[in-house]
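**Q** Below you will find the structure I want to go over with you.
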Amino acid sequence: MLRISTHVSIPDDEIDITAIRAQGAGGQNVNKVSSAIHLRFDIHNSTLPDFYKTRLLKLSDSRISKDGVIVIKAQRFRTQDKNREDALNRLAELIYSVTKVHKKRVATKPTRASKERRLKSKAKRSNVKSMRGRVYD
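See the structure below:
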């Protein structure tokens, strides 16, 4: 049972975890041991509340496929147990992140003083560059 918040949790049978061989350096042992974890979680067929499902499907995250399946590959650690824990934590973090409501950005205009400072610095830079030219008598 993966706990997302006090009221929301995901049963273990909805999370598909498979062990795969990790990529990268590791010597002879890397070819024998399947220490990386491949986690798959189907959003549509889960028991998550609809609020979570719609928010997750709206995310533009590369870990979420077009079919609504979250795919997480964990190979940060050397042991399978730590990688499994890492993958589950990342899944919980991703699902919990959609509960946060972000403030809408209010567009602002630059102040008059900031416009003047910008123009003054541009004029100064222009003068510096013009002084680099050839000197004529």
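Position one of the sequence shown corresponds to residue 1200 (the numbering used here), numbered consecutively onward. Each residue gets a CB set at the ideal place from its N, CA and C atoms; glycine is no exception.
Since I believe Arg1277 is in contact with Gly1271 (beta carbons under 8 Å), could you give me their beta-carbon distance rounded to a whole number of angstroms?
**A** Looking at the sequence shown, residue 1271 is not Gly but Ile. Not quite, the Cβ-Cβ distance comes to about 18 Å (not below 8 Å), so this is no contact.
**Q** State the DSSP-derived secondary structure class of Val1270, mapped to helix, strand or coil.
**A** When secondary structure is reduced to three states using DSSP, Val1270 falls in the strand class.
**Q** Would you tell me roughly how many angstroms separate the C-alpha atoms of Asn1244 and Val1232, rounded to the nearest one?
**A** 32 Å
**Q** Considering only their Cβ atoms, is the gap separating Leu1256 from Gly1267 smaller than 8 Å?
**A** yes
**Q** Verify whether the separation of the beta carbon atoms of Ile1269 and Ile1242 is less than 8 Å.
**A** yes
**Q** Taking its Cβ as the centre, do 16 or more other Cβ atoms sit within 10 Å of Phe1250, making it buried, or is it exposed?
**A** Answer is exposed; the Cβ neighbour count stays below 16.
**Q** Measure the C-alpha to C-alpha separation of Val1334 and His1301 and round it to an integer number of angstroms.
**A** 57 Å
**Q** Using CA coordinates, which residue listed in Ile1203, Arg1304, Lys1303, Ala1218 is at the minimum distance from Ala1246?
**A** Reading off the sequence, residue 1246 comes out as Thr, not Ala. Of the candidates Ile1203, Arg1304, Lys1303, Ala1218, the one whose C-alpha sits nearest the C-alpha of Thr1246 is Ile1203.
**Q** Quick check on this structure: which residue in Ala1273, Arg1254, Gly1223 has the alpha carbon closest to the alpha carbon of Arg1239?
**A** Selected option, being the one with the closest Cα: Ala1273.
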